[in-house]
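Please read the structure below before turning to the comments.
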Amino acid sequence: MKLADLHLRRHDDGTYTAIWGPFLLKSGFQPIFRMTGGPARIGAFEALCRPFRDGVPSSPGKFFPLVPKDEGYLVELQTRAVHVLNAPAVLTGNEWLFLNFDPSMFTSRGKILDALAILNETIAIAGFDRKRIVCEVTEHRTDEAQLLSLVSAMRERGFKVAVDDYGADDSDMERVRKLSPDILKFDAYWITKLMDSGTAGADLLKEMVTTFRDKGIITLFEGIEESWQLDLAVDCQVDFVQGYVLARPQTVPTNFHDFRAKLPGAGAGTGSQPPTRVPVKSSLDAWDKQYSELMDAPQPQPVAVNAPRAPSSEQSQMRPDYAADSTGFGVRRPPATFGKRTR
Ligand SMILES: [Ca+2]
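Position 195 of the sequence shown, counting from 1, maps to 184 under the working numbering, and the rest follow consecutively.
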């Protein structure tokens, strides 16, 4: 699989999309706030797939089950590619970029190498610093050798690794022990349950954040939707917080510029109560030098690329004559069996 097989399009507004069957795959970005080691600020973004059909948004929860198992790998490649290409316009503060990887898609060494080669290629095109990439390895029952091989290949290429959906199971602890992630994303459902369970739950969360900090692992709470939960997260001294209470995902082209402008000072928060500074020692301290270097460094210039331009209307994305366009990123006709498999 090559970049040219991904049906990518560059639009007049500078955004990128991918075409998969009748769907147009756009990027969504959700801010992740850094809560420790200084005033709260946007420290990263998680990139999310935003599928559209005939110009109408389709929920990811409905879209992904439509993707046949053998096409899932392609869709992952497409979404990561558009996310990286869209990132420079969104991550203007040199934030980190969290990209999702479903390890069950990597059924061979070749697939790992191809996926990371394509990621490298898009990083070069976007002029993005690889040190800003965080690979989120999602929670799935996966062959262990396959998982370790994927994660070590990510590290060899200089990417950071996050374990996603970390919960309380023994399997989760085991996963952390084996993968030694840089970042741990606590499972949103589990956090909510613990927070709802009163002091004992909150104490457990706090204790876990401390334990991981001692191991040098950066912690992240996601799915924080209410201000009392945010207060609790701050109280737990977690490094990163992601959730609707702070910022919702936006589909590209985003207007995070306006959003940033509304942030109180260097702080963060869209509600009436901006998160407070947490003057604690943080796992991120160890990253601080690199972090500030990245934030301040001039970013590499994007390389010239002959991506075909797409007509501006989304409807026209679906024109069958696109299939004849094999230049640049290329556009391939959807598999003939597509309709049968997805309707
Ligand atoms: Ca994720």
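All C-beta atoms, glycine included, are put in the ideal place defined by N, C-alpha and C. In this text the structure is predicted, and so the values were computed from the model without any measurement.
Taking the Cβ atoms as the reference, F18 lies roughly 12 angstroms from P77, outside the contact range of under 8 angstroms. Note on geometry: alpha-carbon atoms of L194 and K149 lie some 24 angstroms from one another. Put simply, of V241, P46, A142 the residue whose alpha carbon is nearest the alpha carbon of D1 is V241. Excluding residues up to 5 positions away in sequence, V126, L136, L137, V140, V150, V152 lie with their Cβ nearer than 8 angstroms to the Cβ of L168 in the same chain. Per DSSP, the beta bridge partners of Q239 are F18. Chain-ordered, the residues whose CB falls short of 5 angstroms from any heavy atom of ligand 1 come out as N89, E125, D153. In this structure the segment 27 to 36 touches the segment 76 to 93; the number of beta carbon pairs closer than 8 angstroms is three or more. It is roughly 23 angstroms from the alpha-carbon of A191 to the alpha-carbon of R164. Beta-carbon to beta-carbon, L13 and T4 are separated by about 11 angstroms, too far to satisfy the 8 angstroms threshold. With respect to the 7 angstroms criterion, F210 and I180 are classified as neighbours on the basis of their beta carbons. Between the alpha carbons of P57 and D158 lies a gap of roughly 29 angstroms. For V140, the uninterrupted alpha helix (DSSP H) segment begins and ends at 133 to 145.
Residue environment: A29 is assigned as buried (16 or more neighbouring CB atoms within 10 Å of its CB, all protein chains considered). For G212, the CB contacts under 6 angstroms within the same chain, skipping 5 residues up- and downstream, are A177, G232 in chain order.
If you draw a straight line from the Cα of A250 to the Cα of R130, it comes to about 42 angstroms. For K174, the enclosing beta strand (DSSP E) has its first and last residue at 172 to 175. Between the segment 100 to 113 and the segment 55 to 75, the count of C-beta pairs closer than 8 angstroms reaches three or more; the two stretches touch. Bridge partners of I122 according to DSSP: L86. Where D153 is concerned, the enclosing beta strand (DSSP E) starts and stops at 149 to 155. Between D228 and T208, the C-beta gap is smaller than 7 angstroms, which places the two residues in contact. Secondary structure at G61: helix, using DSSP grouped into helix, strand and coil. Cβ-Cβ distances below 6 angstroms link F52 to P40 in the same chain, with the five nearest sequence neighbours on each side left out; the list follows chain order. A36: member of the beta strand (DSSP E) spanning 30 to 42, first to last residue.
Of the candidates L55, T25, I31, M24, I31 places its Cα closest to the Cα of R237. Taking a C-beta distance under 7 angstroms as the contact criterion, A115 and L74 qualify as a contact pair. Burial is judged here by how many other beta carbons sit within 10 angstroms of a residue's own beta carbon; S160 has fewer than 16 and is exposed.
Under the three-state reduction of DSSP, V45 is assigned to strand. Among the bridge pairs identified by DSSP, W9 is matched with F12. Sorting L(-3), S93, F22 by C-alpha distance to the C-alpha of A222 places F22 at the top.
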